[in-house]
Each structure stands twice: as C-alpha cells, then as structure tokens.
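Asks: Numbering (my numbering), first residue to last: 26 to 349.
Take a look at this one; I'll ask things after.
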Amino acid sequence: MMDWTDRHCRYLHRLLSRHTLLYTEMVTAPALVRGGALHLLDFNAEEHPVALQLGGSDPAELAKAAKLGQAAGYDEINLNCGCPSDRVQSGTFGAILMQDPGLVAECVRAMREAVDIEVTVKCRIGVDDQIAEDVLPEFLSRVGAAGCGRFTIHARKAWLQGLSPKENRDIPPLDYGLVQQMRGLFSGLHLSVNGGVTTLDQAEAFLAAGLDGVMIGRSAYHDPASVLIDADRRIFGDTAPGHTAEGAVLAMLPYIEAHLASGGKLAQVTRHMLGLFQGRPGARVWRRMLSEGAHRKGAGTALVEQALAAFEQAQAEAADSDAA
Ligand SMILES: Cc1cc2nc3c(=O)[nH]c(=O)nc-3n(C[C@H](O)[C@H](O)[C@H](O)COP(=O)(O)O)c2cc1C
C-alpha cells in the first residue's frame, strides 16, 4: 500500500505469518525502467513469498520491469489495475485499465514472455458508469486468455472523477456477490477477493464459499497481530507455533539494530509496529511511547524495549484489576 507499507513493514508481517503472500506497494514500470530507481526493488530474503506489484500500461516497459523484478528475486509479478489516483491515471495505469482489457492482455502477455515467475493481476469490478456485470467477466476472460491465471478482485468500482483515492476505497459499494459469480464462471482461474475484509472469520467464510484467496489490506496494517498471527493455523493449516506480538517485537530488535547501523532511522521501522497491540490493555502507552520517542535524536532499540516493558506493565495491571 503506497505510502504505508514498505520492506520494513513486510519484515514485521512475515514474523507474524510464515505463509501469507505479501505484496510490495505499487512500483511503476517507468520508475524502474526509465528512472533506474532499482532501490525500489530492495527487499529482505526473509520476506518470501513476496510479490512485486507493478504499475504501467506499456507492454514492453512492463516486460522489462518484470524482468528486473524476477532478477531481484520476487516470487510473482502483479499488475495494478485498481489504483484510482490522479497521478496514476495521468500515467495511464491503475484502475483506468479496466476500460482497456485488450491492452491489459497485451501487457500480461509481454510480461509472461519475459519472466518465468507467475504474472497476476489486481483489479476492480469496473470503473465509473461501466456495467460491472459485463465488464468484469470480459476483463477476466481476455486477460486470463493472455496467461494470467490468478486475479485479486477489489470488489468495488473505482470512480475516476470526483472521489479521492481514500474515498474510492470506501464509498463505491462492495459487490461480493459479483466476485462470487465469477467463481462460478471461471473455474480455471484462481480468484481472490479484496475490499472491506477485516477478520479471519470473514476470510474463512469466503474460502468456504469457494473463493481461492482473500487479500486483506488496511486491517492487516492497522491490526497486524489479529489478522496475521492466526492465519498460518486457520487458513494454511500449519499448527507450528509462530511469534506472538510480543515475540515479534523482540525479533525486530536485531533487524532494527542493523537498520540503524546502516544509517536508517528508528521511526522508519517502528511506524509499522504501532498497531501491534491493537485492542489490548497497554496498546495506547506502547503507541504513544513509540510515536513520541522514535523521532528523537539517538533513539534506538532501547526505546522499543522500554515501550514493550510499559505495555507489559499495563497488561499486568489490567489483569490485576480484572482479578480484583
Ligand atoms: C494507503 C493505501 C495505499 C494503497 N496502495 C495500493 C497499492 O499500491 N496497490 C494496490 O493494489 N492497492 C493499494 N491500496 C488498496 C488496497 O490494496 C486495497 O485494495 C484496499 O485498501 C481495499 O482493501 P482493504 O479494505 O482490505 O483495505 C492502497 C490502500 C491504502 C489504504
């Protein structure tokens, strides 16, 4: 998610879940191919499985960008056909591509020819006054025929005029039923649903209803422990114990040390950790200590350890008052 997630966030999320597929934020093909911004591809080996999401609409340029992604070690290349922002529209990529399934098919074909790893697409159910019931099956059919076997469908339209990107994630109504219908029409495609899913209960219900996957965005960011910690057991059937949220904090300490030693700043990592204890007693003191302290000069892992101790103290006090 652009401006929210990055490699530090994915490192944390991978500590919480071994099996969920993680995505980069959208990286534009022009930035990689014309701008040479190869640092945008940096990631840690621990993040696997991880997909590189590309933005673009020029088949040759996307093919080059996909090759760079494959060479960097990504497990999958995903094409963004869902982002509605103005900046993205002016570059003719993102959700506006829902209007041109032929071009998306060309892009997918070019990327498939360029790389051996899987090429997937994230899309909307349509844009503006398109009839989603017509547009979505045509899109899946044409892009699927070009070699995309896996789609993630954000189950709402994007309105390209008049709504901000944020509004476009909330205002157009969700139509899960339509995504479900696509399941019936395209039995050979792997279809994941996205949009408005906040819990693993909801995710399990979609899987039980026949969908192949569920993508969770904002809730996984704001409340990563609730969404990710139980996903390995509940969704992937792996019962091996993983990290608790507290354990993940401790496991982040060497990562943070290495980041600081290479000239990075504490807040670049801890900003993704603020929601780790969401909904639990002590969550507020954890969040406050990190958000107030991480920007201070010289702030390091000691702050994270102090914030964890304060959280644990608040937990103990809450347990005592429950018992009283
Ligand atoms: C700040 C922010 C940035 C986003 N950036 C991207 C992006 O780079 N690529 C993408 O496919 N979706 C992006 N999205 C959309 C999410 O992936 C997701 O489709 C949307 O939030 C709906 O799912 P959710 O209700 O689970 O969050 C972004 C969402 C947010 C909140």
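Backbone N, C-alpha and C define an ideal beta-carbon position, used for all residues, glycine too.
Taking only heavy atoms of ligand 1 into account, decide whether any of them is closer than 7 Å to the Cβ of W184.
Replies: Result no, Cβ not under 7 Å from ligand 1.
Asks: Between which residues of its own chain and R35 is the CB-CB distance below 6 Å, once the five residues before and five after are set aside?
Replies: Once the five neighbours on either side are set aside, the close Cβ partners of R35 are L47, E72.
Asks: Do the CB positions of M51 and C108 come within less than 8 Å of each other?
Replies: A contact, by the Cβ cut-off of 8 Å.
Asks: Looking at T145 and E86, is the spacing between their C-beta atoms short of 8 Å?
Replies: The answer is no: Cβ separation not under 8 Å.
Asks: Considering only DSSP beta bridges, list what E101 is partnered with.
Replies: In the DSSP output, where bridge partners are listed per residue, E101 has A76, E143.
Asks: Given a cut-off of 8 Å on the beta-carbon distance, is the pair A270 and A292 in contact?
Replies: No, these two residues do not count as a Cβ contact at 8 Å.
Asks: Within 10 angstroms of its Cβ, does F261 collect 16 or more other Cβ (buried), or is it exposed?
Replies: Under this definition F261 is an exposed residue.
Asks: What residue range is occupied by the uninterrupted beta strand (DSSP E) comprising S217?
Replies: Taken as a continuous stretch (DSSP letters only), the beta strand (DSSP E) holding S217 covers 215-219.
Asks: Am I right that A120 and A76 are in contact with their C-beta atoms under 8 Å? What's the rounded C-beta distance?
Replies: Not really, about 19 Å apart at Cβ, beyond 8 Å.
Asks: Return the CA-CA distance between D153 and A230, expressed in angstroms with no decimal places.
Replies: One C-alpha to the other measures close to 29 Å.
Asks: Determine the burial state of D200: buried for a count of at least 16 other Cβ atoms within 10 Å of its Cβ, exposed for fewer.
Replies: So D200 ends up on the buried side.
Asks: Following a CB-centred definition, is G221 positioned closer than 7 Å to any heavy atom of ligand 1?
Replies: Yes, Cβ of G221 sits closer than 7 Å to a heavy atom of ligand 1.
Asks: Confirm, please, whether the CB-CB distance from I241 to V218 is below 8 Å.
Replies: Cβ distance not < 8 Å, so V218 and I241 don't count as in contact.
Asks: Ligand 3 and M27: does the residue's C-beta get closer than 7 Å to at least one heavy atom of that ligand?
Replies: Although ligand 3 was asked about, the structure shown includes only ligand 1 as ligands.
Asks: Taking only the alpha-carbon atoms, compute the straight-line gap between R43 and V160 and give it to the nearest angstrom.
Replies: R43 and V160: Cα-Cα distance of roughly 36 Å.
Asks: Can the beta-carbon of F176 be found closer than 8 Å to that of L236?
Replies: In this structure, L236 does not lie closer than 8 Å to F176 by Cβ.
Asks: Can you tell me which of D263, L328, V252, A324 puts its alpha carbon nearest to the alpha carbon of L37?
Replies: Out of D263, L328, V252, A324, V252 has the C-alpha closest to the C-alpha of L37.
Asks: Rounded to whole angstroms, what's the CA-CA distance from N193 to W311? Just pull it up for me.
Replies: Distance between the alpha carbons of N193 and W311: 32 Å.
Asks: At what residue ranges does the region 179-229 contain a whole run of the beta strand (DSSP E), taking only runs of 3 or more?
Replies: Qualifying beta strand (DSSP E) stretches, in chain order: 215-219.
Asks: Hey, is S244 close to ligand 1, as in C-beta under 7 Å from one of its heavy atoms?
Replies: At least one heavy atom of ligand 1 is nearer than 7 Å to the Cβ of S244, so yes.
Asks: Taking the straight line between their C-alpha atoms, what separation do you get for M136 and F164?
Replies: M136 and F164: Cα-Cα distance of roughly 17 Å.
Asks: Considering only heavy atoms of ligand 1, does any lie closer than 7 Å to the CB of H179?
Replies: Within the cutoff, so yes.
Asks: Would you say the beta carbon of I254 comes nearer than 7 Å to a heavy atom of ligand 1?
Replies: I254 Cβ: outside cutoff for every heavy atom of ligand 1.
Asks: Buried or exposed: which applies to H64, given that a residue is buried once 16 or more other Cβ atoms fall within 10 Å of its Cβ?
Replies: H64 is exposed by the Cβ-count criterion.
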